[in-house]
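**Q** Going by the working numbering, the residue at position 67 of the sequence shown is 480; the numbering climbs one at a time, nothing skipped. We put the beta carbon where it would ideally sit given N, CA and C, even for glycine.
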Amino acid sequence: MNRLHHLKQTLPVNLLDNQAYLNLEFILLDYNSSDGLEHWVKKNMQEHLESGRLVYYKTCTPMHFNRSHSRNLAYKLADGDLICNIDADNYTGDGFAAYINEEFKKNENIFLTTLNSIEARGKDVLGRMCVKKSDFYKIGGYDERMVYYGFEDYDFANRLEFNNVRRTFITGDQDYFRAITHSNTERLSNEYAYGNLTTLLVNYLSPCSTDFLFLFSNKEYRRNIIIDPKAYPFSEPLSEFQKSQIRYPQSTLNALWLEGEWSGDESEINLKSKEGIQERLSFNEERKCFISDLCTEASDFYKILNPMFIQQAIMFYSQFTNRVIMHQNKIERRIIVNGLRFGNDVVYKNFDDQTPITT
């Protein structure tokens, strides 16, 4: 979504680098972009559209980017037996399609990935997955409960392995791992959490724990205590959730975010959790912070203004929320997700807005 500035650089090169492999199509999914993608494709990609090498689909439904749903939709629209997702900022490298085909000829019970690959380490290609379309359907695609940034690809790989499909690393030509570098701001810019955060408040509790309160524009809030799991004094025995989080530099005290509704302004914020618990935060001019009316030892909530801090907090919120789902699937050794419905949408093919296609 809204990555035309990347596609202008990568798509023409990727088409050229794979022109020798004839049995190939590039599915370009316009996920309701507003940056002129449709006009650019129509003006500059006509030759590839007419040959069938490039197929353009557009959905007008999404308001925000959803990696799991967008990938499921693109995978379902593809005609081929082998599918590989290429992010807008990724170059395939010369002959990549032929390389994929050869790897699956050697062993068809595999999926190709860059995840945990030494060759891909430090490069922006970690989401690349090449899989048989039949295996994609067998596990129900990407888990669409994972609506934020991060870990949806790790979960997808885990469930393929649970279904006895062997993980195989993409190796060889270093051009296979080439991508346009960009900031986390671009990664998050089309996410709901990034575009709709109204206020971030934090309440310092201890050197290894801080209460984070995210207030969103739809008047919902999310709250949790973010901790350093290696330093936090957990009670024994550790829960399965706590055990799964020890390896990460940050986690939360509770597996699920506390959810609720908020109202108020710069002087007072009222919170009501889904469980009905109410709390009032009143701004104290002298201390320059919001103070909770619930009597606790530490109840001073400070409004965060630093853009980098806010960005890092949203990145954590996004990744952690998805990470919890991934670990739960892993604990349960869950193979199939989404039930019978995934990648569902209405799309239009090659600018034909009179013929809707329902997936």
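Please state if the CB of Glu674 and the CB of Glu633 are separated by a distance shorter than 8 Å.
**A** yes
**Q** Quick check on this structure: which residue in Asn503, Leu539 and Phe549 has the alpha carbon closest to the alpha carbon of Asn485?
**A** Phe549
**Q** Spatial neighbours of Phe654 within its chain, please: CB distance less than 6 Å, with the 5 preceding and 5 following residues excluded, ordered by chain position.
**A** Ala668
**Q** At what residue ranges does the region 528 to 559 contain a whole run of the alpha helix (DSSP H), taking only runs of 4 or more?
**A** For the region 528 to 559, the continuous alpha helix (DSSP H) assignments of 4+ residues that do not extend past its boundaries occur at 546 to 551, in sequence order.
**Q** When you measure from the CB of Leu442 to every non-hydrogen atom of the ligand GDP, does any distance come out below 7 Å?
**A** Among the components modelled here there is no ligand, and therefore nothing to report on the ligand GDP.
**Q** Which same chain residues, not among the five before or five after Leu628, have their C-beta less than 8 Å away from its C-beta?
**A** Leu610, Thr611, Thr612, Leu613, Leu614, Tyr634, Trp675 and Ile682
**Q** How many angstroms separate the CA atom of Tyr589 from the CA atom of Ile640?
**A** 37 Å
**Q** Could you please give the first and the last residue of the uninterrupted beta strand (DSSP E) stretch that includes Thr612?
**A** DSSP places Thr612 in the uninterrupted beta strand (DSSP E) bounded by Leu610 to Ser619.
**Q** Could you pull out every residue in the same chain whose Cβ sits closer than 7 Å to the Cβ of Arg693, ignoring the five residues on either side in sequence?
**A** Glu681, Asn683 and Asp706
**Q** Would you report the Cα separation of Pro425 and Glu516, rounded to the nearest angstrom?
**A** 25 Å
**Q** Taking the alpha carbon of Glu672 as the reference point, which residue from Gln724, Asn631 and Arg700 has its own alpha carbon closest?
**A** Asn631
**Q** Report back the beta-carbon spacing between Val578 and Ile496 to the nearest angstrom; my notes put them in contact at under 8 Å.
**A** 13 Å between Cβ atoms; not a contact.
**Q** Determine the direct distance from the alpha carbon of Ser657 to that of His740, and round the result to whole angstroms.
**A** 7 Å
**Q** Rounded to a whole number of angstroms, what is the C-alpha to C-alpha distance between Asn436 and Asn735?
**A** Cα-Cα distance, rounded: 35 Å.
**Q** Along the beta strand (DSSP E) that carries Trp675, what are the first and last residues, could you check?
**A** For Trp675, the enclosing beta strand (DSSP E) starts and ends at Leu671 to Gly677.
**Q** Taking 8 Å as the cut-off, decide whether the C-beta atoms of Asn576 and Lys546 are in contact.
**A** no
**Q** Just the Cα atoms here: how many angstroms apart are Leu626 and Ser664?
**A** 15 Å
**Q** Quick one, which of Gly553, Gly535, Ser446 and Asp566 has its alpha-carbon nearest Ile499's?
**A** Checked all of Gly553, Gly535, Ser446 and Asp566; the closest Cα to Ile499 is Asp566.
**Q** Cα-Cα, which of Lys762, Ser648 and Pro769 is closest to Tyr469?
**A** Lys762
**Q** Between the alpha carbons of Phe439 and Arg466, how many angstroms are there, rounded?
**A** So the alpha carbons of these two residues sit roughly 6 Å apart.
**Q** I'd like to confirm the pairing. Which residues does DSSP put opposite Asn683 in its beta bridges?
**A** In DSSP, Asn683 forms a bridge with Ser676 and Arg693.
**Q** What residues in its chain sit with their C-beta under 8 Å from that of Leu601, if we drop five residues either side in the sequence?
**A** These residues qualify, in order along the chain: Tyr562, Tyr607, Gln724, Ile727, Met728 and Ser731.
**Q** Could you work out which residue in Arg572, Thr527, Arg636 and Ile531 is closest to Ile749 when comparing CA atoms only?
**A** Arg572
**Q** With respect to the alpha helix (DSSP H) encompassing Ser622, which residues constitute its N-terminal and C-terminal limits?
**A** Per DSSP, Ser622 belongs to no alpha helix (DSSP H); it is in the beta strand (DSSP E), Ser622 to Phe629.
**Q** Indicate whether Glu604 and Phe764 have their beta-carbon atoms separated by less than 8 Å.
**A** no
**Q** Using the beta-carbon count (16 or more within 10 Å), is Val544 buried or exposed?
**A** A residue is called buried when at least 16 other Cβ atoms come within 10 angstroms of its Cβ; Val544 meets this threshold and is buried.
**Q** Taking 7 Å as the limit between beta carbons, can you name the residues of its chain near Lys685, skipping five residues before and five after?
**A** In its chain, beyond the 5 residues on either side, Gly673, Glu674 and Gln691 have a beta carbon closer than 7 Å to the beta carbon of Lys685.
**Q** For Phe755, does the count of other Cβ atoms within 10 angstroms reach 16, so buried, or fall short, so exposed?
**A** The residue in question, Phe755, is buried, as its Cβ has 16 or more Cβ neighbours within 10 Å.
**Q** From the DSSP output, read off the bridge partner residues of Thr472.
**A** Beta-bridge pairing links Thr472 to Tyr444.
**Q** So, for Phe714: in the same chain, excluding its five sequence neighbours on each side, which residues have a beta-carbon less than 8 Å away from its beta-carbon?
**A** Leu614, Val615, Asn616, Asp624, Leu626, Leu694, Cys702, Phe703, Ile704 and Ser705
**Q** The beta strand (DSSP E) with Val760 in it runs from where to where?
**A** Val759 to Lys762
**Q** In angstroms, rounded to a whole number, what distance separates the CA positions of Arg534 and His419?
**A** 21 Å
**Q** Return the chain-ordered list of same chain residues with a C-beta closer than 6 Å to the C-beta of Pro786, the five sequence neighbours on each side being excluded.
**A** One cannot answer for residue 786 here, as it falls past the ends of the chain, which runs 414 to 772.
**Q** By the three-class DSSP mapping on this structure, what secondary structure does Tyr715 have?
**A** strand
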